[in-house]
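Undergrad:
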Amino acid sequence: MDKLLIRGGHALNGEIAMSGAKNAALPILCASLLTAEALEFSNVPQLNDISTMLRLLGDMGVAITRDGDDGMVCLDGSTLNNPVASYEMVKTMRASILVLGPLLARCGEAKVSLPGGCAIGARPVDQHIKGLQAMGAEVKVEQGYVHARASRLKGARICTDMVTVTGTENLMMAACLADGETIIENAAREPEVVDLANCLVAMGARISGAGTDIVRIQGVDKLHGARHAIMPDRIETGTYLCAAAVTGGKVRLTRTSAAYLDSVVDKLLDAGCEIVIERDAIQLSAPARLKSVSLRTAPYPAFPTDMQAQFMAMNCVADGVATIRETIFENRFMHVNELMRLGANIQIEGNNAVVRGVGQLQGATVMATDLRASASLIIAGLVAQGETQIDRIYHLDRGYERIEQKLSALGASVERLR
Ligand code: EPZ
Numbered sequence: 564m565d566k567l568l569i570r571g572g573h574a575l576n577g578e579i580a581m582s583g584a585k586n587a588a589l590p591i592l593c594a595s596l597l598t599a600e601a602l603e604f605s606n607v608p609q610l611n612d613i614s615t616m617l618r619l620l621g622d623m624g625v626a627i628t629r630d631g632d633d634g635m636v637c638l639d640g641s642t643l644n645n646p647v648a649s650y651e652m653v654k655t656m657r658a659s660i661l662v663l664g665p666l667l668a669r670c671g672e673a674k675v676s677l678p679g680g681c682a683i684g685a686r687p688v689d690q691h692i693k694g695l696q697a698m699g700a701e702v703k704v705e706q707g708y709v710h711a712r713a714s715r716l717k718g719a720r721i722c723t724d725m726v727t728v729t730g731t732e733n734l735m736m737a738a739c740l741a742d743g744e745t746i747i748e749n750a751a752r753e754p755e756v757v758d759l760a761n762c763l764v765a766m767g768a769r770i771s772g773a774g775t776d777i778v779r780i781q782g783v784d785k786l787h788g789a790r791h792a793i794m795p796d797r798i799e800t801g802t803y804l805c806a807a808a809v810t811g812g813k814v815r816l817t818r819t820s821a822a823y824l825d826s827v828v829d830k831l832l833d834a835g836c837e838i839v840i841e842r843d844a845i846q847l848s849a850p851a852r853l854k855s856v857s858l859r860t861a862p863y864p865a866f867p868t869d870m871q872a873q874f875m876a877m878n879c880v881a882d883g884v885a886t887i888r889e890t891i892f893e894n895r896f897m898h899v900n901e902l903m904r905l906g907a908n909i910q911i912e913g914n915n916a917v918v919r920g921v922g923q924l925q926g927a928t929v930m931a932t933d934l935r936a937s938a939s940l941i942i943a944g945l946v947a948q949g950e951t952q953i954d955r956i957y958h959l960d961r962g963y964e965r966i967e968q969k970l971s972a973l974g975a976s977v978e979r980l981r
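Counted the way this note's numbering counts, the sequence shown spans residues 564 to 981.
1. If I measure Cβ to Cβ from Ile911 and keep anything under 7 angstroms in the same chain, skipping five residues before and after, which residues do I get?
2. If Lys813 sits next to Ala834, beta carbons under 8 angstroms apart, how far is it from one beta carbon to the other, in whole angstroms?
3. Do you know how far the Cα of Gly664 is from the Cα of Gly730?
4. DSSP three-state label for Asn878, please.
5. Output the residue ranges of the alpha helix (DSSP H) runs that lie fully inside the segment 675-734 and measure 4 residues or longer, sorted by chain position.
6. Would you check if the distance between the CB atom of Ala737 and the CB atom of Ala668 is smaller than 9 angstroms?
7. Rounded to whole angstroms, what's the CA-CA distance from Ile770 to Leu740? Just pull it up for me.
8. How would you call Val688, buried or exposed, if buried means at least 16 neighbouring beta carbons within 10 angstroms?
9. How many angstroms separate the CA atom of Leu804 from the CA atom of Ser714?
10. Buried or exposed: where does Ala658 fall if 16 or more other Cβ atoms within 10 Å of its Cβ makes it buried?
11. Taking the alpha helix (DSSP H) that His898 falls in, what are its first and last residues?
12. Quick one: does the C-beta of Met725 sit closer than 8 angstroms to a heavy atom of ligand 1?
13. Taking only beta-carbon atoms, is Val704 less than 9 angstroms away from chain D?
14. Where does Ser771 fall in DSSP's three states?
15. If you measure between the beta carbons of Ile942 and Val977, is that distance less than 9 angstroms?
16. What residue range is occupied by the uninterrupted beta strand (DSSP E) comprising His958?
17. Identify which residue in Ile683, Ile747, Arg818 and Met652 has its Cα closest to the Cα of Lys693.
18. At what residues does the alpha helix (DSSP H) containing Cys670 begin and finish?
19. Mind checking Asn908: buried by the 16 CB within 10 Å criterion, or exposed?
20. Keeping to the same chain, check which residues put their C-beta closer than 6 angstroms to that of Arg904; ignore five residues upstream and five downstream.
21. Output the distance between the C-alpha atoms of Leu666 and Asp825, rounded to the nearest integer angstrom.
22. Quick one: what does DSSP say Leu980 is sitting in, helix, strand or coil?
23. Between which residues of its own chain and His787 is the CB-CB distance below 8 angstroms, once the five residues before and five after are set aside?
24. Buried or exposed, going by whether 16 or more other CB atoms sit within 10 Å of the CB of Ile953?
25. Does the distance from the CB of Leu592 to the CB of Met564 come in under 9 angstroms?
26. Report the partner residues of Leu568 according to the DSSP bridge assignment.
27. Compare the Cα-Cα distances from Leu620 to each of Val607, Pro646 and Asp630 and report the closest residue.
28. Would you say the beta carbon of Pro795 is closer than 8 angstroms to some non-hydrogen atom of ligand 1?
29. Counting Cβ pairs closer than 8 angstroms, one from the segment 783-802 and one from the segment 601-616, do we hit at least three?
30. Measure how close the beta-carbons of Leu638 and Val625 come, nearest whole angstrom, since I'm counting them as under 8 angstroms.
31. Given this structure, state the Cα-to-Cα distance separating Leu677 from Arg686, to the nearest angstrom.
32. Taking only three categories from DSSP, how would you classify Glu755?
33. First and last residue of the beta strand (DSSP E) that includes Asn611?
34. Asp630 bridges to which residues according to DSSP?
35. So for Ile909, helix, strand or coil by DSSP?
36. Pro590: beta carbon under 8 angstroms from a heavy atom of ligand 1?
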């Protein structure tokens, strides 16, 4: 298994470009199941999760051409012939559940393995199923698979019990081909949901309200081909901002936008950073030492749970005490024990973590447990004294494109050990 070796103590300075958003690309690739016409996507990030999704869609019969270097992916769903997502494929990536709604809408049936949990929580999909049943689908869960059938889905009013990003996305895609109007209440407002809606509208869908908590979809008989550029990755952007902030650096991140990062930018300003926002770039200058910032994760536009671990790493060496409250996932503190191996002072009380800033972290060998936890260990390693070795970095490769190249371009001393 690959490892990452980081020698701490270098401030990050310079300019790098951000990649397309993983969590927008994943549902948008699944939109290829909704039409028999060709789709052309640009700015698709080169990530293991994207490759997994393309393999899954290919297994179903979608024709795929991918020009690796410039992030172009073309998909043709006209040869879709196998509405099954096997456990082998789904167990490595829970986002595979996003094929359920489109398959059901296009083929009238779907057999999708339950995703199973992961390090950060049980990750149930009961809201996805409840919504499809409200639209008239017959859904059974047997031997670890969701079996769904519907001759034609009918528009329905759906109110999810909690805000669910992929739940909103699955139901929105299914509703595009339903008979009549679907209203999704308590919908997720994440920018990635809006990017998916924009792509579906380009394909001929009739959607209004995406980005608000009430999304209306008027079903149509079919969708056509389209071109769409994937939005920038706001979590990748936030992650590099944190890496620069904690090392006392000055960076400019291009091909991205601060438009979706208000809550993160606010916390970086509170921590003492200076930030300049440009149309498609963001600059950060860090102070010599950050101030501790407390935060509470919640659905967009509040502070994103996917940035919690990164801010915890920053708080480990900040001046003061910070309280971090995780309200989305029941077990998203897996990075705490690893950060403590580097000398961090963190107490967990339920879904609260109290982080007391220390003067210095000491490099050590640590283990990545999930995608964003891995990012927090990198951030801590960049500022720790000496060498930090991070094991199991396959987690990282799922969500951060060419991370060691991008960090090295900013002056970090980072090396991948095969
Ligand atoms: C999406 O996951 C993202 N993944 C996650 O990013 C992100 O952390 C999460 O949204 C929250 O923002 C993708 O978009 C591919 P949820 P998702 O459904 O949709 C509970 C990353 O690092 N819930 O919004 O799976 C659930 O257990 C990943 O890129 C149910 O109980 O998250 C959780 O507690 C990690 N039943 C809460 O709702 C359901 O049917 C929010 O989950 C669905 C969700």
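Glycine residues also receive a C-beta, built at the ideal position from the N, C-alpha and C atoms.
TA: So, from the data block:
1. On the sequence shown, position 348 is the one that residue 911 refers to. Only Phe896 and Val899 meet the Cβ criterion.
2. Counted from its first residue, the sequence shown places residue 813 at position 250. Counted from its first residue, the sequence shown places residue 834 at position 271. Lys813 to Ala834, Cβ: 15 angstroms. No contact.
3. As a working mapping, residue 730 is identified with position 167 in the sequence shown. As a working mapping, residue 664 is identified with position 101 in the sequence shown. The straight-line gap from Cα to Cα measures roughly 9 angstroms.
4. Looking up residue 878 in the sequence shown gives position 315. Looking at Asn878 - three-state DSSP - the assignment turns out to be helix.
5. 689-697
6. Counting from one through the sequence shown, the residue named residue 737 turns up at place 174. Counting from one through the sequence shown, the residue named residue 668 turns up at place 105. Going by C-beta atoms, Ala737 is nearer than 9 angstroms to Ala668.
7. By 1-based counting over the sequence shown, the position of residue 770 is 207. By 1-based counting over the sequence shown, the position of residue 740 is 177. Cα-Cα distance, rounded: 11 angstroms.
8. By one-based count along the sequence shown, residue 688 stands at place 125. For Val688, the number of other beta carbons within 10 angstroms of its own is at least 16, and it is reported as buried.
9. The residue labelled residue 804 in the question sits at position 241 within the sequence shown. The residue labelled residue 714 in the question sits at position 151 within the sequence shown. If you take the alpha carbons of Leu804 and Ser714, they lie about 48 angstroms apart.
10. As a first step, residue 658 is located in the sequence shown; it is residue number 95 there, counting from the start. Classification of Ala658: buried, given that the 10 Å Cβ count is 16 or more.
11. Sequence index remark: in the sequence shown, residue 898 carries index 335 (1-based). Element bounds for His898: Met897 to Arg904.
12. Working through the sequence shown from its first residue, we reach residue 725 at position 162. Correct: Met725 has its Cβ closer than 8 angstroms to ligand 1.
13. No chain D is present in this structure, which holds just one protein chain.
14. Stepping through the sequence shown from its first residue, residue 771 is reached at position 208. Under the three-state reduction of DSSP, Ser771 is assigned to strand.
15. Residue numbering aside, residue 942 sits at position 379 when the sequence shown is read from its first letter. Residue numbering aside, residue 977 sits at position 414 when the sequence shown is read from its first letter. Not closer than 9 angstroms, so no.
16. What you label residue 958 is simply residue 395 of the sequence shown in a count that begins at 1. Element bounds for His958: not the beta strand (DSSP E) but the alpha helix (DSSP H), Tyr957 to Gly962.
17. In the sequence shown, the residue the question calls residue 693 occupies position 130. Minimum Cα distance to Lys693 is reached at Ile747.
18. In the sequence shown, the residue the question calls residue 670 occupies position 107. Counted as a single uninterrupted DSSP element, the alpha helix (DSSP H) harbouring Cys670 occupies residues Leu663 to Cys670.
19. In the sequence shown, residue 908 corresponds to position 345, counting from 1. Asn908 should be labelled exposed.
20. Here residue 904 is taken as the residue at index 341 of the sequence shown, counted from 1. Only Ala927 and Val929 meet the Cβ criterion.
21. Reading the sequence shown from its first residue, position 103 is the one you call residue 666. Reading the sequence shown from its first residue, position 262 is the one you call residue 825. Roughly 35 angstroms between the two C-alpha positions.
22. Residue numbering aside, residue 980 sits at position 417 when the sequence shown is read from its first letter. Leu980: strand per DSSP, three-state reduction.
23. Indexing the sequence shown from 1 puts residue 787 at position 224. The residues are Thr598, Glu600, Met766 and Gly767.
24. Here residue 953 is taken as the residue at index 390 of the sequence shown, counted from 1. The residue in question, Ile953, is buried, as its Cβ has 16 or more Cβ neighbours within 10 Å.
25. Within the sequence shown, the letter at position 29 stands for residue 592. Within the sequence shown, the letter at position 1 stands for residue 564. Taking 9 angstroms as the Cβ cut-off, Leu592 and Met564 do not qualify as a contacting pair.
26. Along the sequence shown, one-based indexing puts residue 568 at 5. Paired residue(s): Gln952 and Glu978.
27. Along the sequence shown, one-based indexing puts residue 620 at 57. Among Val607, Pro646 and Asp630, the Cα nearest to that of Leu620 is on Pro646.
28. As a position in the sequence shown, residue 795 is number 232, starting the count at 1. No, since every heavy atom of ligand 1 falls outside the 8 angstroms radius drawn around the Cβ of Pro795.
29. yes
30. One-based indexing of the sequence shown puts residue 638 at position 75. One-based indexing of the sequence shown puts residue 625 at position 62. That belief holds up - the Cβ atoms of Leu638 and Val625 are roughly 5 angstroms apart, short of 8 angstroms.
31. Position 114 of the sequence shown, counting from 1, holds the residue named residue 677. Position 123 of the sequence shown, counting from 1, holds the residue named residue 686. Taking the straight line joining both Cα atoms gives about 10 angstroms.
32. Working through the sequence shown from its first residue, we reach residue 755 at position 192. Glu755 falls in the helix class under three-state DSSP.
33. Within the sequence shown, residue 611 is the residue found at index 48, counting from 1. It is not in any beta strand (DSSP E) - Asn611 instead sits in the alpha helix (DSSP H) that spans Asn611 to Asp622.
34. The residue labelled residue 630 in the question sits at position 67 within the sequence shown. Beta-bridge pairing by DSSP links Asp630 to Met635.
35. Here residue 909 refers to the residue found at position 346 of the sequence shown. Reduced to three states, the DSSP call for Ile909 is strand.
36. Counting from one through the sequence shown, the residue named residue 590 turns up at place 27. At least one heavy atom of ligand 1 is nearer than 8 angstroms to the Cβ of Pro590, so yes.
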